[in-house]
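Below is one structure, written out as structure tokens; comments come after it.
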Amino acid sequence: MEKTLSSFLILLWTYTGLEKLVNFQSSRKAFHNQTFPPELADALSYLVPGVELLIALLLLISATRWWGYLASILLMSVFTTYVGLIWVGAFPRVPCNCAGILESLGWAEHFWMNLGLIGMAVVGIWMEGRKMKYES
Numbered sequence: 002m003e004k005t006l007s008s009f010l011i012l013l014w015t016y017t018g019l020e021k022l023v024n025f026q027s028s029r030k031a032f033h034n035q036t037f038p039p040e041l042a043d044a045l046s047y048l049v050p051g052v053e054l055l056i057a058l059l060l061l062i063s064a065t066r067w068w069g070y071l072a073s074i075l076l077m078s079v080f081t082t083y084v085g086l087i088w089v090g091a092f093p094r095v096p097c098n099c100a101g102i103l104e105s106l107g108w109a110e111h112f113w114m115n116l117g118l119i120g121m122a123v124v125g126i127w128m129e130g131r132k133m134k135y136e137s
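Heads up, the final residue of the sequence shown is numbered 137 in our numbering, and it's a clean run with no missing numbers.
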């Protein structure tokens with residue numbers, strides 16, 4: 002189960018990070034369509050895919066996997082909060098900078114999927130913590 006959780010999250014973060022880089026101009030434009038100031042949108046267009054790929058790398062290496070799960074929980078919590086705010090109509094327009102197939106989801110589906118991914122990362126961090134406890 003441990004390998005399945007980390008592998009799934011590695012695939013998720015690698016896919017979303019690379020998709021934003023491969024389609025950088027489209028991704029950058031989507032960040033500028035968000036409710037952020039233009040300067041923040043510029044920074045996020047570079048930071049988000051970089052952080053997503055860094056999380057995938059952290060999850061790939063067993064010595065840093067705990068940190069990868071923690072980073073997954075934190076970043077996915079930010080994304081889920083944002084999706085939840087969009088879902089309840091907190092913004093004047095409905096922007097999205099989702100990767101590939103995720104664009105086809107509705108806001109409710111996206112929200113619940115993100116909660117499921119947070120749950121996977123929570124189970125992963127718990128399993129890593131138990132493993133570290135038994136190794137010491």
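Ideal Cβ placement from N, Cα and C applies to all residues, glycine included. Quick caveat: nothing in here was measured; it's all calculated off a predicted structure.
Nearest-angstrom Cα separation, counted from residue j out to residue i
{"i": "S8", "j": "I119", "result": "15 Å"}
{"i": "W127", "j": "W68", "result": "12 Å"}
{"i": "A44", "j": "K132", "result": "37 Å"}
Closest Cα partner of residue i within the set the options
{"i": "F80", "options": "T17, T5, L59", "result": "T17"}
{"i": "R94", "options": "L6, L61, H33", "result": "H33"}
{"i": "L116", "options": "G85, M128, A42, S105", "result": "G85"}
{"i": "H111", "options": "V123, V52, M77, E129", "result": "M77"}
{"i": "S46", "options": "E3, E20, S63", "result": "E20"}
Three-state class that DSSP yields for residue i in the structure shown
{"i": "A91", "result": "coil"}
{"i": "L106", "result": "coil"}
{"i": "T36", "result": "coil"}
{"i": "M77", "result": "helix"}
{"i": "M133", "result": "helix"}
{"i": "M2", "result": "coil"}
Where the alpha helix (DSSP H) through residue i begins and ends
{"i": "N24", "result": "That residue, N24, is in no alpha helix (DSSP H); it is neither H nor E in DSSP."}
Rounded Cβ spacing between residue i and residue j (contact assumed at less than 8 Å)
{"i": "L59", "j": "A42", "result": "Rounded, the Cβ-Cβ distance is 25 Å, inconsistent with contact."}
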